[in-house]
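Participant:
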Amino acid sequence: MAKKRNHWIVPPGTEPTEMDLRILEEEARGKIVPTRDLIKTPAQIEGIRRAGVINTGILDMLTDVIRPGMTTLDIDTLVYDYTLAHGATPAPLGYEGFPRSCCTSINEVVCHGIPNEFEVLEAGDIINVDCTTILDGYYADSSRMYVVGGHTDARRQKLVDVAWQCLKIGEEVCSKPYVFVGDIGNAIARHAHQNGFSVVRDLSGHGVGLAFHEEPDVDHYGHRRTGMLLVPGMVFTIEPMINMGTWQVFVDEDDDWTVVTEDELPSAQWEHTFVMTDHGVEVLAH
Ligand code: MF3
Ligand code: CO
Ligand code: CO
């Protein structure tokens with residue numbers, strides 16, 4: 000019988016570090032552990048951090064300009080112009096055929112809404128704008144909710160707030176290294192369900208940094224101590240999509256991108272890019 004090879008490899012001729020030992024211990028217990036290529040160097044983390052500053056700057060800039068009467072294409076133009084003015088590239092543009100520079104997802108749209116000139120923002124809409132910036136080859140990915148006109152009904156406001164709390168709870172779970180992706184998802188789903196909401200299962204957070212989407216998948220539901228072990232040097236997103244009604248979603252057949260809730264009740268999402276360190280996660284893009 001073939002001998003099972005460790006996923007985590009200690010470079011031959013070197014003493015295993017503290018981190019090597021923690022990882023090998025979890026691997027011996029049958030847990031999913033990262034491969035070495037998922038561990039970023041300090042220089043790579045700094046590059047992702049710089050991309051993150053621009054990505055965060057875009058979402059800050061949008062806070063003061065999103066208002067009733069503007070179109071989602073107006074938002075896209077602002078994102079595109081800001082990104083290029085800062086010497087960077089919007090990752091969505093041309094990504095697997097995506098035609099715009101960001102995703103704009105209003106009310107019952109869960110994610111991957113395509114900005115267009117016909118979609119006009121109305122007071123009380125809740126909209127997620129999701130941006131990913133490439134700078135010097137490094138990727139940072141974050142998204143926020145905006146309440147158009149500053150006020151919405153109590154149910155949608157609660158959805159926006161609980162989705163934010165879900166992201167913060169995920170971050171809190173990562174206040175130390177050597178937690179599992181399933182620990183994040185379990186805590187997030189618990190909080191969503193306690194508030195009478197559901198968690199989208201078909202889309203997840205992800206590793207990020209040297210590419211748009213890397214390993215691991217970061218599900219926003221699941222069981223503790225399942226999924227991949229998160230160790231110092233890993234860069235990943237948490238981006239819970241929280242629904243008012245059913246967790247089930249469908250993809251709009253007309254554009255093959257727009258993800259909509261099955262019951263067409265609203266959905267909300269917030270996303271940060273994080274780096275795991277020896278003392279827990281730091282935010283690289285928000
Ligand atoms: N930014 C999204 C995410 O959080 C991915 C968008 S893919 C696109 O993973 F092509 F629609 F931009
Ligand atoms: Co993402
Ligand atoms: Co994103």
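Numbering (numbering that gives the first Met the number 0), first residue to last: 0 to 285. Cβ coordinates follow ideal geometry from the N, Cα and C atoms, glycine included.
1. Between H111 and T76, what straight-line distance do the alpha-carbon atoms span, to the nearest angstrom?
2. Do the stretch 156 to 171 and the stretch 100 to 116 meet, that is, are 3 or more Cβ pairs less than 8 angstroms apart?
3. Please classify Q268 as buried or exposed, where buried requires at least 16 neighbouring CB atoms within 10 angstroms.
4. Which same chain residues end up closer than 7 angstroms to E26 when comparing Cβ atoms and leaving out the 5 residues on each side of it in sequence?
5. Using the C-alpha atoms, what's the distance from V282 back to N185?
6. Nearest-angstrom Cα distance between C130 and P231?
7. Check whether the stretch 269 to 277 and the stretch 69 to 89 touch, using three or more Cβ-Cβ pairs below 8 angstroms as the test.
8. Would you report the Cα separation of G204 and N127, rounded to the nearest angstrom?
9. Spell out a yes or no on whether the stretch 231 to 250 and the stretch 204 to 214 are touching, meaning 3 or more CB-CB pairs, one atom from each, closer than 8 angstroms.
10. Classify F249: buried if its beta carbon has 16 or more other beta carbons within 10 angstroms, exposed otherwise.
11. Comparing the CB of C102 with every heavy atom of ligand 1, is any distance shorter than 6 angstroms?
12. Can you give me the Cβ contacts of P15 inside the same chain, cut-off strictly under 6 angstroms, excluding the 5 residues immediately before and after it?
13. Just to check my reading of the structure: I125 and V146 have Cβ atoms closer than 8 angstroms, yes? What is that Cβ distance to the nearest angstrom?
14. Where does K175 land, buried or exposed, given buried means 16+ other C-beta within 10 angstroms?
15. Excluding the 5 residues flanking K39 on each side, which residues of the same chain have their C-beta closer than 8 angstroms to its C-beta?
16. Under 8 angstroms, with one C-beta from each stretch per pair, do the stretch 60 to 73 and the stretch 258 to 265 reach the 3-pair mark?
17. Consult DSSP for T55 and reduce its assignment to one of helix, strand or coil.
18. Which term fits D254, buried or exposed, when burial requires 16 or more other beta carbons within 10 angstroms of its beta carbon?
19. Relative to the C-alpha of K157, which candidate in L83, C173, G195 and V259 has its C-alpha closest?
20. Could you tell me which whole beta strand (DSSP E) segments of length 3 or greater appear in the stretch 178 to 221?
21. Which residue from H285, R200 and H278 puts its Cα closest to that of Q247?
22. Assuming V217 contacts I183 under a Cβ cut-off of 8 angstroms, what Cβ separation, rounded to an integer in Å, is found between them?
23. Taking a contact to mean a Cβ-Cβ separation below 7 angstroms, would you say A139 touches G51 in this structure?
24. Cα-Cα, which of T88, L23, A191 and G148 is closest to R66?
Facilitator: In terms of the structure at hand:
1. Computed Cα separation, rounded: 17 angstroms.
2. Below 8 angstroms, too few C-beta pairs join the stretch 156 to 171 and the stretch 100 to 116 to call them touching: fewer than three.
3. With 16 or more other Cβ atoms inside 10 Å of its own Cβ, Q268 counts as buried.
4. N5, H6, W7 and V32.
5. Cα to Cα, the separation comes out at about 21 angstroms.
6. When the Cα atoms are used, C130 and P231 turn out to be separated by approximately 25 angstroms.
7. Counting Cβ pairs under 8 angstroms, fewer than three are found: no touch.
8. Cα-Cα distance, rounded: 15 angstroms.
9. With a cut-off of 8 angstroms on Cβ pairs, the stretch 231 to 250 is in contact with the stretch 204 to 214, counting three or more such pairs.
10. It counts as exposed.
11. Closer than 6 angstroms to some heavy atom of ligand 1: that describes the Cβ of C102.
12. In the same chain as P15, and ignoring 5 residues on each side of it, the C-beta atoms closer than 6 angstroms to its own belong to V9, in chain order.
13. Right, their Cβ atoms sit about 6 angstroms apart.
14. Per the 10 Å Cβ criterion, exposed.
15. Closer than 8 angstroms at the Cβ level, and outside the excluded window around K39, lie I47, G208, L209, G232, M233, V234 and V274.
16. No, the stretch 60 to 73 does not touch the stretch 258 to 265.
17. DSSP, reduced to helix, strand and coil, places T55 within a helical segment of the structure shown.
18. Classification for D254: exposed.
19. Measuring from the Cα of K157, the nearest candidate turns out to be G195.
20. The beta strand (DSSP E) runs lying completely inside the stretch 178 to 221 and spanning 3 residues or more are 204 to 206 and 213 to 217, given in chain order.
21. Ranked by Cα distance from Q247, the options H285, R200 and H278 are led by R200.
22. V217 to I183, Cβ: 6 angstroms. Contact.
23. Against a cut-off of 7 angstroms, the Cβ pair of G51 and A139 comes out as a contact.
24. With distances taken between Cα atoms, R66 lies closest to G148.
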